[in-house]
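Student:
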């Protein structure tokens, strides 16, 4: 169970610290409406990603690479390729995990935690994540190139290890460019997305664990 | 998640309770030992004296009940001082410990892992990996069995506690604690660094498998 909950937390942890300063967003409602409208038109999404773990104590950051594929309305493939191989597939109410060649599958329907993870993962991609005011408070900011949404957790247990989640959107197409999860210690996990393709054809075979 | 981890920790604790009722009989009887000083000639530490840092792919497993994969970073801060951080594949820090002059320092640990028995296991396993302060120590050396099953047993004191180390060839070291034992198996050496390290606990199905990714 731990790994799934942690996956959920980490999934929300993409980030980046763009140097350019951010000002409060002029019209956050308009931003949310546009984001939601674009998400509603998104049938598929694919992207490479780079995950950077920064620990103050280490002289070098730890970098992982991978790919993600999403197909509306509930198919997701999240795959690490280097330095280790790890694959998670969410499809039709089931989560399948492949780790070191070992495959595990779980039904989402009988497990509230898995359901929550599923909702959050798909919600993140669809843009619905920004309406979870029960669990987060929000700050909406912008600069000339990006919108920035800073999410501050409300729950005490989450607050203990997470200070904020910063999501950077492109002003050109409203796609997520980077996500950064800041820990209370100052360490962070940064997820950078590149080679993004929206509404390109993705075979259903992509969402098969084998 | 909390219930699951709690169950795991209760399982481990129960195993220790029963294991603690036994003695390391397989070490007995010990022949008359010889006094010696632990050195690179008679005791092979797992890592070199000085290193910058290691990054391992790591899998922590308890039988078929629990498995947590991730990355383990091990950094030498200064001579005799080390920091180790275990994180999930997604970057979430599970624990962050320091070993050194100030003893065992917990910088961070996930609430569900913050259990005395779990912390003790990790502390002892990591201390064994690091063999901190062991070279130069006075020890009594015993020999068990003849070749090819020859084992060398070292009895030494570290941090005011008696430790038994059993060395079987170059690639297996077992530490006999008062109430448990743990073996470290080393393989796939490149440039005198083991690429694969398996930490196997005896009598309980707890293992930690480390594969070196970067150093």
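Residue numbers (my numbering), protein chains in the order written: chain A, 1 to 210; chain B, 211 to 425. C-beta atoms are modelled at their ideal positions from N, C-alpha and C, and glycine is treated no differently.
#1: Can you tell me whether residue 303(B) is buried or exposed? The criterion is at least 16 other CB atoms within 10 Å of its CB, across all chains shown.
#2: On the three-state DSSP scale, how would you describe residue 387(B)?
#3: Chain A partners of residue 273(B), CB-CB under 9 angstroms?
#4: Nearest chain B C-beta to residue 103(A) closer than 8 angstroms, yes or no?
#5: State buried or exposed for residue 187(A), treating a residue as buried only when at least 16 other CB atoms are found within 10 Å of its CB.
#6: How would you call residue 244(B), buried or exposed, if buried means at least 16 neighbouring beta carbons within 10 angstroms?
#7: From which residue to which residue does the alpha helix (DSSP H) around residue 158(A) run?
#8: Whose Cβ in chain B lies nearer than 7 angstroms to the Cβ of residue 62(A)?
#9: Considering just the uninterrupted stretch of the beta strand (DSSP E) at residue 48(A), what are its terminal residues?
#10: If you reduce the DSSP assignment to three classes, tell me which class residue 32(A) lands in.
#11: If you measure beta-carbon to beta-carbon, which residues of the stretch 320-354 of chain B are closer than 8 angstroms to chain E?
#12: Is it right to say residue 273(B) is buried, meaning 16 or more other beta carbons lie within 10 angstroms of its own, or is it exposed?
#13: Does the Cβ-Cβ distance between residue 317(B) and residue 306(B) come in under 8 angstroms?
#14: So which residues of chain B does residue 53(A) contact, with C-beta pairs closer than 7 angstroms?
#15: Determine the closest residue to residue 60(A) out of 30(A), 184(A), 52(A), with distance taken between C-alpha atoms.
#16: CB residue 96(A) to CB residue 209(A), shorter than 8 angstroms?
#17: Just checking: is the beta-carbon of residue 420(B) within a distance shorter than 8 angstroms of some beta-carbon in chain A?
#18: I'd like to confirm the pairing. Which residues does DSSP put opposite residue 150(A) in its beta bridges?
#19: Rounded to a whole number of angstroms, what is the C-alpha to C-alpha distance between residue 45(A) and residue 168(A)?
#20: Check the Cβ of residue 293(B) against every Cβ in chain A and list those closer than 7 angstroms, keeping chain order.
#21: By DSSP, does residue 177(A) sit in helix, in strand, or in coil?
#22: Which residues, in chain order, does the stretch 64-86 of chain A contribute to contact with chain B at a C-beta distance below 8 angstroms?
#23: Starting from the C-beta of residue 55(A), find all residues in its chain whose C-beta is less than 6 angstroms away, skip the five residues before and the five after it, and write them out in chain order.
#24: Establish whether the CB of residue 98(A) and some CB of chain B are separated by less than 8 angstroms.
#25: DSSP on residue 206(A), reduced to helix/strand/coil?
#26: Nearest-angstrom Cα distance between residue 163(A) and residue 182(A)?
#27: Considering only the beta carbon of each residue, do residue 368(B) and residue 255(B) sit closer than 8 angstroms?
#28: Is the CB of residue 135(A) under 8 angstroms away from at least one CB in chain B?
#29: What residues in the stretch 185-204 of chain A bring their beta carbon closer than 7 angstroms to a beta carbon of chain B?
#30: Might you give, ordered along the chain, the residues of its own chain that have their beta carbon closer than 6 angstroms to the beta carbon of residue 65(A), omitting 5 neighbours on each side?
Tutor: Considering the structure as presented:
#1: buried
#2: coil
#3: Within chain A, no residue comes near residue 273(B); the closest Cβ sits about 14 angstroms away, beyond 9 angstroms.
#4: no
#5: buried
#6: exposed
#7: 156-161
#8: 265, 281, 283
#9: 44-54
#10: helix
#11: Of the protein chains in this structure, namely A and B, none is chain E.
#12: exposed
#13: yes
#14: 297, 301
#15: 52(A)
#16: yes
#17: no
#18: 139(A), 166(A)
#19: 17 angstroms
#20: 57
#21: strand
#22: 64, 80, 83, 84, 86
#23: 187
#24: no
#25: helix
#26: 5 angstroms
#27: no
#28: no
#29: 185, 187, 189
#30: 50, 81, 82
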